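In what follows, a single structure is set out as structure tokens and then discussed.
Numbering (the working numbering), first residue to last: 830 to 968.
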């Protein structure tokens, strides 16, 4: 299991295609592992954050093919071994809007933010990894 204190994470564009991959280096052995291979649609992975227990991590991915800032950034969540990676989508009818990392609420719940057309301020949602459910925004 990857833990934030024993691994260094970084994003790098090794092949010059402007698609950044997320890598981890084991600080004890120097071994590097590419956990998040980027695709042309999801070009820049950044803002990686570990859950408090180190079991999960989340990051933002910015689409180079996007047409609007409202639809180009998405939050992904994964187990520390990257065996399961999920894109977090907002509930209908807002599922295509951008999502952004805010903070971990606890070791299983991630708070994300978004901007919706009908609300001038940012709104917040909670995504629970164990259930795969998203809740919010309040009101």
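For every residue, glycine included, the Cβ atom is placed at its ideal position computed from N, Cα and C. Computed from a prediction, not measured in an experiment: that's the story for all the values here.
With 16 or more other CB atoms across the displayed protein chains lying within 10 angstroms of its CB, residue 906 is buried.
With 16 or more neighbouring CB atoms inside 10 Å of its own CB, residue 889 falls in the buried class. The C-alpha of residue 876 is placed about 16 Å away from the C-alpha of residue 943.
Note on geometry: alpha-carbon atoms of residue 916 and residue 955 lie some 14 Å from one another. Judged by their CB atoms, residue 884 and residue 908 are nearer to each other than the 8 Å cut-off. If you ignore the 5 residues before and after residue 931, its C-beta comes within less than 7 Å of the C-beta of 940, 941, 942, 953, all in its own chain and listed in chain order. Apart from sequence neighbours up to five positions away, the residues of its chain that approach residue 920 with a beta-carbon distance below 7 Å are 963, ordered along the chain.
Boundaries cannot be given for residue 959, as no beta strand (DSSP E) includes it and DSSP labels it neither H nor E.
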